[in-house]
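Chains as they are written, first to last, in the working numbering: chain A, 1 to 196; chain B, 197 to 392.
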DNA sequence: AATATTTGTGAGTAATCAATTGCTTTCAAG
DNA sequence: CTTGAAAGCAATTGATTACTCACAAATATT
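Have a look at this one:
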């Protein structure tokens, strides 16, 4: 017998993410994954029923760890604007380390293909927007943000801004630091959030 | 003999865009295109050397017509802020009519695959950012926009914002009007562009 | 030690798809 | 009316790929 179920599954997910970052999703065949892990191709199917299931596991991994990263160091005693700043920072720091994220998020997967995967992604994005909306709302209540701020709309645009940024990052071969960009985006957002 | 070269090419490009909007790029096979046009699959290759060449033609078509749409009704006598508003409006109105645009723009194509296609896309995006930067610069000079506006940075973020918006539009099955969203985005941007 | 279960593999299957080939039809130019 | 080129097609090819199957080896259970 080889390695125990759980460890192999993690290895496969990790290999899939590495390959995705390098090659793009389309080129990640079960053969390529098997080669990377160092097992035979049919062995993949001992651990995952289908190829889509592998990507489902990848998306779950990302959702889980991104969520952790965003919450880590979130101090409820901080004022909401500081919490939001940290959220953006933590988010981009995490993605900076995982180049597969934009490739998975903005692949053809997402534009139809598997409804199951699409649902997973939508759920993740909804959670993100919900959290940002919450912080914006709190900031409004504490009079840190402008009174007429449309929290829902703004949260969606912040999410859109980040997504667009990730696309550029991915298209231009990760040739700038996402982490640094967090500061710049935060500055960019100030006039939107705060009174004059 | 069938239809003349140029007309068939256009038909193939159009069919490809229609199918892409419906099914996503991955499902657009040369067979599917041929069926839609009403010719045999090998006939496709009388008009295009490879499948990638078809998508190159699609991207060129988009680049050309998006550029036209953006410039159409651009009155150089308008103040720069009004020109920018119209640019966003025209851009989103155009894309609203062509659902293939986000699918092509944010497909796996873009995340490596064909370097030729990637170069085409980058060129298109660069042209867009250049134009926006120009208008921001003019607005600054006319004191319509804040003095400390980083035109380059802001142009990139406006582009990112639009890209993120297109992703949401595509993911949520085009269930809101992009054209209406143009106004909302414009309002959102006001505090960024203008002095308090 | 005997047995059952899990993990592993080599060989293969079936499907998909872009692209080729050889031949036919259509049409315009001379 | 002939001829040559463009446009068309049926049949096929070659490559890729997710997934299966029959069997072997390793490990856990009794």
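Ideal Cβ placement from N, Cα and C applies to all residues, glycine included.
On a predicted model such as this, the values are computed, not experimentally measured, just so you know.
Using DSSP with H/G/I as helix, E/B as strand and the rest coil, what is residue i?
i                     : result
residue 270 (chain B) : coil
residue 223 (chain B) : helix
residue 94 (chain A)  : helix
residue 296 (chain B) : helix
residue 263 (chain B) : helix
residue 198 (chain B) : Per-residue confidence for residue 198 (chain B) stands at a pLDDT of 49, beneath the threshold of 50, marking its modelled position as unreliable; no derived number is given.
residue 285 (chain B) : helix
residue 338 (chain B) : coil
residue 346 (chain B) : coil
residue 179 (chain A) : helix
residue 174 (chain A) : coil
residue 214 (chain B) : helix
residue 329 (chain B) : helix
residue 256 (chain B) : helix
residue 195 (chain A) : coil
residue 187 (chain A) : helix
residue 159 (chain A) : helix
residue 248 (chain B) : helix
residue 393 (chain B) : This structure cannot speak to residue 393 (chain B), because chain B is shown only from 197 to 392.
residue 40 (chain A)  : coil
residue 302 (chain B) : coil
residue 79 (chain A)  : coil
For residue i, I'd like the list of residues in its chain whose CB is within less than 8 Å of its CB, leaving aside the five on either flank, ordered along the chain.
i                     : result
residue 205 (chain B) : 243, 244, 253
residue 265 (chain B) : 286, 287, 289, 290
residue 5 (chain A)   : 47
residue 78 (chain A)  : 86
residue 219 (chain B) : 228
residue 338 (chain B) : 275, 276
residue 372 (chain B) : 365
Kindly list the residues whose CB is nearer than 7 Å to the CB of residue i, restricted to its own chain and excluding five residues on each side of it in sequence; keep chain order.
i                     : result
residue 92 (chain A)  : 178, 179, 181, 182
residue 357 (chain B) : 381
residue 236 (chain B) : 230
residue 284 (chain B) : 378, 381, 382
residue 21 (chain A)  : 99, 100, 103
residue 174 (chain A) : 99
residue 334 (chain B) : 276
Along chain A, in chain order, which residues have C-beta atoms closer than 7 Å to that of residue i?
i                     : result
residue 387 (chain B) : 191, 192
Below 8 Å on the Cβ atoms is my contact criterion, and I expect residue i with residue j to pass it. Report the Cβ-Cβ distance as a whole number of Å.
i                     : j                     : result
residue 13 (chain A)  : residue 19 (chain A)  : Incorrect: roughly 11 Å between the Cβ atoms, too far for contact.
residue 366 (chain B) : residue 299 (chain B) : 6 Å
residue 351 (chain B) : residue 332 (chain B) : 6 Å
residue 167 (chain A) : residue 359 (chain B) : 5 Å
residue 314 (chain B) : residue 248 (chain B) : Not quite, the Cβ-Cβ distance comes to about 11 Å (not below 8 Å), so this is no contact.
residue 233 (chain B) : residue 260 (chain B) : 21 Å between Cβ atoms; not a contact.
What in chain B is Cβ-close to residue i, meaning under 8 Å?
i                     : result
residue 184 (chain A) : 349
What does residue i reach in chain A if we use C-beta pairs closer than 9 Å?
i                     : result
residue 318 (chain B) : 171, 172
residue 364 (chain B) : 125, 156, 159, 160, 163
Taking C-beta pairs closer than 8 Å, name the residues in chain A that residue i reaches, listed in chain order.
i                     : result
residue 357 (chain B) : 157, 160, 161, 164
Which residues in chain B sit within 7 Å of residue i, going by Cβ to Cβ distance?
i                     : result
residue 176 (chain A) : Near residue 176 (chain A) there are no residues of chain B at all, since even the closest Cβ is about 11 Å away, more than 7 Å.
Leaving out the 5 sequence neighbours to the left and right, which residues in its chain are closer than 6 Å to residue i when beta-carbon positions are compared?
i                     : result
residue 348 (chain B) : 329
residue 198 (chain B) : Reliability of the predicted coordinates at residue 198 (chain B) is poor, the pLDDT of 49 falling under 50, and the value obtained from them is presented with this limitation in mind. Around residue 198 (chain B): no qualifying Cβ.
residue 54 (chain A)  : 16, 48
residue 280 (chain B) : 331
residue 303 (chain B) : 221
residue 96 (chain A)  : 178, 179
residue 140 (chain A) : 149
residue 278 (chain B) : none
residue 310 (chain B) : 248
residue 384 (chain B) : none
Along chain B, which residues have their Cβ under 9 Å away from the Cβ of residue i?
i                     : result
residue 188 (chain A) : 346, 349, 350, 353, 388
Inter-stretch contact at 8 Å, needing at least 3 Cβ pairs: the segment 184-195 of chain A / the segment 143-156 of chain A: By the C-beta criterion, the segment 184-195 of chain A is judged to be in contact with the segment 143-156 of chain A, since at least 3 inter-stretch pairs fall below 8 Å.
Is there contact between the segment 318-330 of chain B and the segment 112-130 of chain A, where contact requires at least three CB pairs shorter than 8 Å? no
Pairs of beta-carbons, one from the segment 261-280 of chain B and one from the segment 234-243 of chain B, closer than 8 Å: are there three or more? no
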